[in-house]
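Each residue of the sequence shown is one higher than the one before, starting from 204 at the first, in this note's numbering.
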Amino acid sequence: MPNRSLSRVLAVCLSLLALLLSKSSAQKDDRGKEITETVLLADTAAFEPGKPFQIAVHMKIAAKWHTYWQFGGAPFWPFGIDWELPEGWKAGPIGFPLPELVVDQDGQALFGYEHEVLFPVMITPSAQSVPGAARIGAKVKWQVCAEKCIIGEASLELKLPAGTVSPANAELFTKWKPQFPRDEAPPTKDVNYEGKDKVLVVRVGGLPKDAKVEFFPLPPADFKSTFELKEKVTSETADDGTRIFGFPFEDKIPANLAWSGLLVMQKPGGAREGWTIGKAASSTPPSAKPEVKAGAVTEPDAGGWDPFAELKPPQKSLLVLLLEGFLGGLLLNLMPCVLPVISLKIFGFVQQAGQSRDRVFKLGLAFCAGVFAFFAIIAVLVVVLGKAFGWGAQFSNPVLLAVMVGVTFVFALSLLGVFEITLGGGASSKLSDLSSKEGAGGAFMHGLFTTLLGTSCTAPLVGPVIGAAFTRPAPDVFAMFGAIATGLSLPYFLLTWQPAWMKYLPKPGMWMVRFKQVLGFVMLGLVVWLLGSFAAPAIIVRVGAFLLVLGFACWLLGSCHESRWALPVALLAAVGGWFGFVHGKVKVAETDAEGIVWEPFSAAKIRQSLDAKKPVFVDFTADWCLNCKLYERTVLDTTPVIAAIKSKGLLTMKADYTRQPPDVKAALQKLGRAGVPVYVLFRKRGDAWVADGLTQSGLLEQINKL
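Structure, rendered in structure tokens:
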């Protein structure tokens, strides 16, 4: 009776789940194109060097769908643009037109736009712009919602020739111009904010009684708590004409917050007019607004100096980066997210100990080729996508996370023998009867899977190398990732190059079956950990139901392997389980801070603290990062560290990278990092200690220096 190779099972599972993933992405893309139509337009047919002009993202939205204002009133993904501009060109902040109060089918009140919206940005060409056409690229990201919410993305492009400025798209820009907040002073300054438990009460006085008045509050830029308007906003008019608005939120409103907002008024027979009240940033498109360098994501900005931009990552030579990448790759073998799979590779070496030297060497090369292939793909993504690419991004995407859960679960079942033929008698003590020989394809897939799991860890030395890759030319990028791949795969290459060294490994026997089963339970533990990155218990139940169907499919393959219909039925069950329980029904959870009292990440609050001479400690972490959790348990949540932090009066801040929010991602890039964990201890403005790993003694030493 033939045996099934574990590596072949892994290859089939990866191929199957990759197919499911590609179908899901294609459907999502198709739906996104039907829901929204975006185009990049300019208000001029040509540009002149040094003379500002406007371009805009014009978005048409399908019926019953909506997108969001700069504060949505509910959890939302902010509209953002990542610019690709000619050298020396600059982009101003995004302009947001007057929003509407939208109430969805569940009664959720939110601030946004329906049907159509225009987001203009002021572009300033370089005074030294060369003649010829200029290419303006914009990678746009937004969220639209109806019965469900979808993140939309588009890569837009516009080419403008150099020449005399002449109007273009005048009808569209003229139509939208009155729909933006006005530049002059508001008709009243009598605006009062008051937090009453979970309700924000806003009183606006001094306006005509016959005017229709709306108000859209903006929370402080440094307040990152999850807001959610649970009911329709209330509005009433007092006897003296004062308008009183009530905004019920999910959380209690802290006292003394510096609120701002948008006042909208419409007189009888007139059009809606708006004015910003307080420091509402990025609400209008004039060129007088602060400028943003080309390539930055232009989103609402609170202003002020940037604590991360003032930290200059050390500039290292390519030789140093290659050495760090090689050593980091070696250390990656010891990371907790890689160890379970590495143990299986050692298990494979024990199996191969009795095989021919030539075959063992070829399998080792195939495994190393899988490692190098994965890092080559990563290098291509870094070169092509630049800073838009994020290390560990597959763990922040709920669909990819569900795929990882499924792959790991199937892998665990195969280790526990669900797939395999039960061995009997003394044959199990013989290597030839214990497992079929691993093929080159299986070894290659094993190398790929090992590296894929490794992306949830950033070993010491690897983080700075990956971060530096975003600023290096393409040949350097491939060399740096090649160095990491060399370090990761070198131990296995050496063992297969010198098979005689395998004599120091234990001899094959029944212990290998038990060892493999133990590793199966380790992989199931990894499944449980990955499930913790999803949101509500109902989501975990859905993914659990999918795993139940996958388990049935695996059992069917193992128990009815000789039947022709076993594989088609198993595949049908797996596909049905995916679309029945997972597709479009999962999202990633928010993190809950434990131990030290952590504040949500805010660059503005870091500025305020450092200006007040108070040091700040920032923990860049993610739910899917095993190293982060390890450092939390062994360092951050220990009594000496907690006591030291309290005694020095540190402001502790958690930068949650689980869903790769733009502000956290931008801060990591300024630090020269592409993944987590990263730890930053700000001593004062422009002076900080940055680390990719922690020890209790090392952290205490830095804290005690304050």
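Positions of the beta carbon are idealized from the N, C-alpha and C atoms, including for glycine.
No experiment lies behind these values; they were computed from the predicted model shown.
Identity of the residue in THR445, PHE418, THR437, GLU453 nearest TRP462 by Cα
Cα-wise, what sits closest to TRP462 is PHE418.
Is there contact here, the region 253 to 263 with the region 357 to 373, by at least three beta-carbon pairs under 8 Å?
With contact defined as three or more Cβ pairs closer than 8 Å, the region 253 to 263 and the region 357 to 373 are in contact.
What first and last residue would you give for the alpha helix (DSSP H) that runs through PHE299?
For PHE299, no alpha helix (DSSP H) run applies, since DSSP gives it neither H nor E.
Run through DSSP, which three-state label would GLN382 get?
Here GLN382 sits in helix by DSSP.
In angstroms with no decimal places, state the Cα-to-Cα distance between ALA610 and PHE749.
With the sequence shown as reference, residue 610 is identified as Val, and Ala is not the correct amino acid for it. Their Cα atoms are separated by approximately 12 Å.
Do MET726 and PHE614 have their C-beta atoms within less than 8 Å of each other?
A contact, by the Cβ cut-off of 8 Å.
Within a Cβ cutoff of 7 Å, which residues of the same chain sit near THR841, ignoring the five residues on either side of it in sequence?
So the qualifying residues of the chain are GLN899.
Spatial neighbours of ALA349 within its chain, please: CB distance less than 7 Å, with the 5 preceding and 5 following residues excluded, ordered by chain position.
Excluding residues within five positions, the ones whose Cβ falls inside 7 Å are LYS267, TRP268.
Helix, strand or coil for ILE456, going by three-state DSSP, please let me know.
It is coil, neither helix nor strand.
How far does the beta strand (DSSP E) with PRO323 in it reach, from first residue to last?
Per DSSP, PRO323 is one residue of the beta strand (DSSP E) stretching across 319 to 327.
Using a Cβ-Cβ cut-off of 8 Å (strictly less than) and excluding sequence neighbours within five positions of LYS401, which residues of its own chain qualify?
Hits under 8 Å: PRO451, PHE452, GLU453, ASP454, LYS455, ILE456.
Contact set for LEU734: own chain, Cβ-Cβ below 6 Å, skip 5 residues either direction:
Hits under 6 Å: ILE743.
By Cβ distance, which residues of its chain are closer than 7 Å to LEU902, with the 5 residues on each side in sequence left out?
VAL838, VAL844, listed in sequence order.
Looking only at DSSP bridge pairs, what is LEU243 linked to?
Answer is VAL260, bridged to LEU243.
Within its chain, find whatever has a CB closer than 8 Å to the CB of VAL867; leave out the 5 residues flanking it on each side and keep chain order.
Within the same chain, VAL867 has close Cβ partners PHE804, PHE823, ALA858, ASP859, TYR860.
Are the CB atoms of LEU410 and THR391 within a distance shorter than 8 Å?
Cβ atoms of THR391 and LEU410: closer than 8 Å.
Below 8 Å, how does it come out for the region 717 to 724 and the region 575 to 588: are there three or more Cβ pairs, yes or no?
As far as the Cβ criterion goes, the region 717 to 724 does not touch the region 575 to 588, which means the pair count is below three.
Alpha helix (DSSP H) containing TRP280: first to last residue?
Where TRP280 is concerned, there is no enclosing alpha helix (DSSP H), given that its DSSP letter is neither H nor E.
So the candidates are GLY528, GLY531, ALA414, GLY532; which of them puts its Cα closest to the Cα of GLY477?
The shortest Cα separation from GLY477 among GLY528, GLY531, ALA414, GLY532 belongs to ALA414.
Would you say LEU466 and VAL404 are within 8 Å of each other, going by their C-beta atoms?
Not in contact: LEU466 and VAL404 (Cβ atoms no closer than 8 Å).
Could you check the C-alpha separation between PRO880 and CYS831 for me, to the nearest Å?
One C-alpha to the other measures close to 6 Å.
ASP246: which of GLN905, GLU240, ILE238, PRO255 sits nearest, CA to CA?
Minimum Cα distance to ASP246 is reached at PRO255.
Whole-angstrom C-beta distance between GLU317 and VAL305, which should lie under 8 Å
VAL305 to GLU317, Cβ: 6 Å. Contact.
Going straight from the alpha carbon of SER358 to that of ALA341, what length do you get?
The straight-line gap from Cα to Cα measures roughly 6 Å.
I need the boundaries of the beta strand (DSSP E) containing TRP345, first residue and last residue.
Where TRP345 is concerned, the enclosing beta strand (DSSP E) stretches over 337 to 348.
Check whether the Cβ atoms of LEU871 and TYR882 lie closer than 8 Å to each other.
In this structure, LEU871 lies away from TYR882, with their beta-carbon atoms at least 8 Å apart.
Taking the alpha-carbon of LEU853 as reference, which of TYR834, GLY889, GLU835, LEU813 has the nearest alpha-carbon?
The candidate whose alpha carbon is nearest that of LEU853 is LEU813.
So for CYS352, helix, strand or coil by DSSP?
Strand.
Proximal residues to TYR396 (C-beta, below 7 Å), its chain only, five neighbours per side dropped
In the same chain as TYR396, and ignoring 5 residues on each side of it, the C-beta atoms closer than 7 Å to its own belong to LEU403, VAL405, TRP462, in chain order.
Would ASN907 be called buried (16 or more neighbouring beta carbons within 10 Å of its own) or exposed?
By the neighbour-count rule (16 or more Cβ atoms within 10 Å), ASN907 is not buried but exposed.
Which residues does DSSP list as the beta-bridge partners of TYR396?
Paired residues: VAL405.
Do you know how far the Cα of ASP307 is from the Cα of THR239?
Rounded to whole angstroms, the gap between the alpha carbons of THR239 and ASP307 is 18 Å.
Would you call the CB atoms of GLN273 and PHE250 closer than 8 Å?
Taking 8 Å as the Cβ cut-off, GLN273 and PHE250 do not qualify as a contacting pair.
Determine the closest residue to MET648 out of GLN331, LEU751, ALA572, THR367, with distance taken between C-alpha atoms.
If we check each option's Cα against that of MET648, ALA572 comes out closest.
Straight-line CA distance for GLY295 to PRO865?
Distance between the alpha carbons of GLY295 and PRO865: 17 Å.
Identified DSSP bridge partners for ASP895
Beta-bridge annotation (DSSP): ASP895 is not paired with any residue.
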